[in-house]
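Asks:
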Amino acid sequence: MKEQPDAIAALAATNPSPGEKFYPPFQVTPELTKKAKEYIAMYPEGKELSAVLPLIHMVQEKHGYICPESVIWIADMCNSTPIHVQGIVSFYPGIRTSCPGKWHIRVCHTIACALSGGEELLAYICEKIGINPQALTNEHPIAVSSDGLWSIEAVECLAACGFGPNLMVNDALYSQMDRAKVDALIAQYSNKA
Amino acid sequence: MSEITYKPGRAPHPRETRRIFRNIDRVGYDPSIECFMKDGGYETLKKAVAMEPAAIIDEVKKSGLRGRGGAGFPTGVKWTFIPKGNTKPVYLVCNCDESEPGTFKDRFIVHQDPHQLIEGMIIACYAVQAHYAIIYMREEFPEAAKIVKRALSEAEKHHFLGKNILGSGYDLKIILHRGAGAYICGEETGLINSIEGVRPYPRIKPPFFPAAIGLYGCPTIVNNVESLCQVRQVLMRGGEAYAADGATRSPGTRIIGVSGDVQRPGYYEIISGSITYGELLYDLCGGPKPGRTFKAIIPGGASAKVMRCDEVLKGRNPDGSVRKMTIFDVPMDLDSIAQHGSMSGSGGVIVMDDSRSMPEMLRNLNRFFAWESCGQCTPCREGNPWMLKLSTRICQGKAAPEDVDLLKSVADNICGRTVCAFGEACAWPVQAFTTKFRDEFLALTRPVNAMKPHNPETAEARKYLTRED
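Residue numbers (the numbering used here), protein chains in the order written: chain U, 4 to 196; chain F, 444 to 912.
What follows is the structure, encoded as structure tokens:
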């Protein structure tokens, strides 16, 4: 039985986010399909399903998050069903279902970073970029600032425990942070194209 | 070795023995293959492909090498679990989903010296005759993913990967597969499910090792990054020479990651068992922060049981008599700390000094485990948020003394009742913290809290029965 696209859309409903203006909307292009086929070809014959995670990463890197249309497209590419792909998307904390800001900050608050002040740093960054820390909940782990430039997420362990507190801005890790370093970092990224 | 210079402030301590971390923070060292080959890289592989695969497995068995992912299972023995007369393809997966809080050794290997891992992996694949291997890397290492991808294509260009490696007739393909931020993918069967493209729930045991039935139903070997690098060291030195260094039952070097309240946190590579916890913390790490004393140590990643620094342990002298000792006298090998009720796991030492509130530390750990529970088994899925609620309530001063016992009993009922070891991993910290620091937990509680409702709904329902004091 084929799933109803509407039901999938309802299940995967995304929250509108001010960050969306910084990312192109999801669109199936020949290049995207070609790249997807390359990923699928990495895995043994008949194991297209293994490419689900690489495809999700590919879409998320370019478009910021996984929207319902991309779920359906990924399912098509991997010979699977949208509900199966949605099951994967909803499982992993690293897969976003709403758009982050242009600069996505992930602050570690697990024990080692907490010992070196990760929680205070998280509160400080929230204040600095104008986000209410109360907005960060289990259901909505990502909060986006109103101008869409910044988003923040409290994450568990970035595996650099000896050099805490750690945070990541998009793909870059910053260790041994303090308030002064955070100020400099935010100033640096504000001016970055 | 004397010609190696390290970046300022990053030079190894004289008591360290850098083998795996030899090139970490080295001046002028980059992750390219040229740099690695100048340093003698891929010479061991040349030696290995000239050997019989069975001879390599024998060599690794002789070395006594034990896995560095946390469980400490002998690597060579694991490799022999592939069923005899197997006709299916064999897969090898490198577990680079380092996500145990306190552990951060693999990060530096894949970022700064990826070819070391790739060489070790090719040797391991050749030994078990796998023609397809996967590096499972956690999502939080996006830079490393790029570095390793580049390293793989460099190795292919130099014919260390691909068809007919170094003219031996052996083919191997290694790909990189990125996870997506789930702790449970560090569990080997969860990791395999993640690669297969289904929700990464750990699989039901038996089979206890995916070497019997693993990825796509075929025999699969899952090894940690450090273990695979150690395989290269074993082949480089020879099994017997490797076994000669360090503790008898866990030879070779170990990479220890120290975090928390010490003067110099960071990574230290030591000969297994050559120093004690005291020497590590006072000599290598420079002791506690000014004006502080050590209070507690988590010796092997967040899921290991916490040890009190003033706890009196029973040690055994060589003549069989019993002597009193503390955690500071325990040698740093894989087994010694296990005799005192904890484990050395993946080598992540988290240190807390006397300024720390233990209930607060436990709340932090509970939050981690509640967040990371995969939700497959009911005790763990329901128990972890419950333990988080209880420890939060204790920290907020809204708990009754019975809640401390309740907290421990929830942990006791998770432990051993789940599919994977996550059940133990989340229960052990709770059991240890609430037993060893019971006073501190009780001090935050008040008997009157037992009468008070915990949420607005019950407060409304019971408003004529209780009063605020």
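Cβ coordinates follow ideal geometry from the N, Cα and C atoms, glycine included.
So, does the CB of U:C70 fall closer than 8 Å to a CB anywhere in chain F?
Replies: False, the Cβ-Cβ gap to chain F never drops below 8 Å.
Asks: According to the neighbour-count rule (16 or more other Cβ atoms, all chains shown, within 10 Å of its Cβ), is F:S798 buried or exposed?
Replies: Per the 10 Å Cβ criterion, exposed.
Asks: Would you give the residue range spanned by the alpha helix (DSSP H) that F:V674 belongs to?
Replies: Its alpha helix (DSSP H) spans residues 668-680.
Asks: By the three-class DSSP mapping on this structure, what secondary structure does F:P899 have?
Replies: DSSP places F:P899 in helix when its eight states are reduced to three.
Asks: Going by the CB atoms, is the gap between F:L508 and F:G519 shorter than 8 Å?
Replies: Cβ distance < 8 Å, so F:G519 and F:L508 count as in contact.
Asks: Let me know if F:G657 comes out buried or exposed under the rule of 16 or more other beta-carbons within 10 Å of its beta-carbon.
Replies: Per the 10 Å Cβ criterion, buried.
Asks: Could you check where the beta strand (DSSP E) with F:E586 kicks off and where it finishes?
Replies: Note, F:E586: premise wrong, no beta strand (DSSP E); alpha helix (DSSP H) at 585-600.
Asks: Using the C-alpha atoms, what's the distance from F:G866 back to F:T821?
Replies: So the alpha carbons of these two residues sit roughly 10 Å apart.
Asks: Applying a beta-carbon distance threshold of less than 7 Å, which residues of chain F neighbour U:M45?
Replies: What U:M45 touches in chain F: I618.
Asks: Along the segment 545-563 of chain F, where does the CB come closer than 8 Å to a CB of chain U? Name the residues.
Replies: Cβ contacts with chain U: G545, T546, F547, D549, R550.
Asks: In terms of DSSP beta bridges, what is U:F94 paired with?
Replies: None, per the DSSP bridge assignment.
Asks: Starting from F:G709, follow the beta strand (DSSP E) in both directions and report where the run begins and ends.
Replies: Here the beta strand (DSSP E) through F:G709 covers 709-714.
Asks: If you pair each beta-carbon of the segment 550-567 of chain F with each one of the segment 478-496 of chain F, do three or more pairs fall below 8 Å?
Replies: The segment 550-567 of chain F, when compared against the segment 478-496 of chain F, does touch it at the 8 Å Cβ threshold.
Asks: For F:N807, would you say it is in contact with chain U, using Cβ-to-Cβ distances shorter than 8 Å as the test?
Replies: So yes, F:N807 belongs to the interface.
Asks: At the 8 Å Cβ level, is U:G97 part of the contact set with chain F, yes or no?
Replies: Yes, its Cβ sits closer than 8 Å to a Cβ of chain F.
Asks: Against chain F, which members of the segment 160-188 of chain U pass a CB distance test of less than 9 Å?
Replies: Correct list: C160, L161, A162, A163, C164, G165, F166, G167, M171, N173, D174, A175, L176.
Asks: Does any C-beta atom of chain F lie closer than 8 Å to the C-beta of U:H60?
Replies: Closer than 8 Å: yes.
Asks: Could you name the residues of chain U that F:A745 contacts, counting a contact when the two beta carbons are closer than 7 Å?
Replies: Those within 7 Å of F:A745 in chain U are I114.
Asks: Compute the Euclidean distance between the alpha carbons of F:L831 and F:C752, then round it to the nearest angstrom.
Replies: Cα-Cα distance, rounded: 25 Å.
Asks: Using the beta-carbon of each residue, which ones in chain U are nearer than 9 Å to F:D704?
Replies: Within chain U, the residues near F:D704 are L118, S119.
Asks: Taking C-beta pairs closer than 8 Å, name the residues in chain U that F:M795 reaches, listed in chain order.
Replies: Near F:M795 (Cβ distances below 8 Å), the residues of chain U are L118.
Asks: Does any CB atom of chain F fall closer than 8 Å to the CB of U:K105?
Replies: No, no contact with chain F.
Asks: Is it right to say U:G133 is buried, meaning 16 or more other beta carbons lie within 10 angstroms of its own, or is it exposed?
Replies: Exposed, by the Cβ-count rule.
Asks: Could you give the DSSP three-state label for F:M750: helix, strand or coil?
Replies: Correct three-state label for F:M750: strand.
Asks: Among the residues of its own chain, which have a CB less than 6 Å from the CB of F:G758, if the five just before and after it don't count?
Replies: Answer for F:G758: R766, M768, listed in chain order.
Asks: DSSP on F:L805, reduced to helix/strand/coil?
Replies: Helix at F:L805.
Asks: Under 8 Å between the Cβ atoms of F:K841 and F:D796?
Replies: For F:K841 and F:D796, no; Cβs fall outside 8 Å.
Asks: If you follow the alpha helix (DSSP H) that F:C537 is in, where does it begin and where does it stop?
Replies: Not the alpha helix (DSSP H): F:C537 falls in the beta strand (DSSP E), residues 534-539.
Asks: In chain order, what residues of the same chain have a beta carbon less than 6 Å from the beta carbon of F:P872, not counting five sequence neighbours either side?
Replies: Excluding sequence neighbours, F:P872 sits near L808.
Asks: Examine the Cβ distances between the segment 631-651 of chain F and the segment 530-549 of chain F and report whether three or more of them are shorter than 8 Å.
Replies: Short answer: they touch.
Asks: When the Cβ atoms of the segment 664-672 of chain F are set against those of the segment 877-888 of chain F, are three or more pairs found closer than 8 Å?
Replies: As far as the Cβ criterion goes, the segment 664-672 of chain F does not touch the segment 877-888 of chain F, which means the pair count is below three.
Asks: Please report the straight-line C-alpha distance between U:I204 and F:D482, rounded to a whole angstrom.
Replies: The structure shown does not extend to residue 204 of chain U, since chain U is modelled only from 4 through 196, so no value can be given for it.
Asks: For U:K38, is the beta carbon positioned less than 7 Å from some heavy atom of the ligand COA?
Replies: No copy of the ligand COA appears in this structure; indeed no ligand is present at all.
Asks: Along the chain, where does the beta strand (DSSP E) containing F:V792 start, and where does it finish?
Replies: Taken as a continuous stretch (DSSP letters only), the beta strand (DSSP E) holding F:V792 covers 791-796.
Asks: Which value, in whole angstroms, describes the spacing of the CA atoms of U:I114 and F:G791?
Replies: Cα to Cα, the separation comes out at about 12 Å.
Asks: Specify the secondary structure class of U:K24 as computed by DSSP and reduced to three states.
Replies: DSSP places U:K24 in helix when its eight states are reduced to three.
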